[in-house]
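Enquirer: Residue numbering for the sequence shown follows my numbering, starting at 1 and increasing by one per position.
Take this structure, written in structure tokens, and hold onto it; I'll ask about it next.
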Amino acid sequence: MRTDIWRYVFDAIEDPIFLHDAEFRVRLANRAYCHEAGLSEAQALGNLYWEVFPLGKGPLPGCDAVVHERNGASSLEEVRAGGKIYLSRGYAVRVESGQPSYSLHILSNITEIKQAQFNLTEQLEELRRWHDVMLGREMRILDLKQEVNQLLVQAGQPLRYPSADNEAIPKA
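What follows is the structure in structure tokens.
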């Protein structure tokens with residue numbers, strides 16, 4: 001197999017992927033990464049990755065830790081860029097010395113997943129509010145039925161609401 005096939009494989013991946021060196025300079029980028037950055041690969045190469053994509057003031061905290069071997073060989077963190085939310089997975093790439101010389105980042109767009117989670121959380125909160133309102137209403141109705149039953153017992157009349165919690169009603 002020819003080694004240039006890996007370039008086609010790399011570009012076939014729809015998630016933005018880039019490789020940076022220990023100084024955080026972009027050394028390799030796939031087509032999706034360049035598209036998100038709005039640059040050609042030639043324009044992206046050699047630049048600090050946070051000046052290309054995702055834009056920032058410095059390396060991602062997990063990336064810095066991986067490159068400087070503070071947290072193992074990988075990182076996982078959410079990144080916001082261009083109105084989207086990405087899950088950044090960073091991997092230390094070691095060469096002959098065994099030291100991390102590069103870091104490979106795969107950025108998966110999780111914007112729709114995060115929006116769905118937000119929507120589900122909002123719906124759950126709405127259901128909880130309705131549950132509390134309805135349960136409160138039902139508890140007030142049960143209290144009223146018990147009071148009616150207590151008054152009927154005091155008046156010597158038969159219970160009107162036998163399904164109400166009759167244990168609290170004094171026997172006549």
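Glycine included, each C-beta is placed from N, C-alpha and C at the ideal position.
Everything numeric in this text was worked out from a predicted model, so none of it was measured.
What are the partner residues of D21, as DSSP defines its beta bridges?
Expert: Y102.
Enquirer: Quick check on the DSSP output: what are the complete alpha helix (DSSP H) runs of length 4 or more inside the segment 36–100, in order along the chain?
Expert: The qualifying runs are 41–44 and 61–67.
Enquirer: Confirm, please, whether the CB-CB distance from Y91 to L107 is below 8 Å.
Expert: Against a cut-off of 8 Å, the Cβ pair of Y91 and L107 comes out as no contact.
Enquirer: The ligand FMN and N149: does the residue's C-beta get closer than 7 Å to at least one heavy atom of that ligand?
Expert: This structure lacks the ligand FMN; in fact it carries no ligand of any kind.
Enquirer: Measuring straight from C-alpha to C-alpha, what distance separates S88 and V95?
Expert: Distance between the alpha carbons of S88 and V95 is about 22 Å.
Enquirer: For L19, does the count of other Cβ atoms within 10 angstroms reach 16, so buried, or fall short, so exposed?
Expert: Buried, because 16 or more other Cβ atoms sit within 10 Å of the Cβ of L19.
Enquirer: Give the DSSP-derived three-state secondary structure of A12 in the structure shown.
Expert: Of the three classes helix, strand and coil, the one that applies to A12 here is helix, per DSSP.
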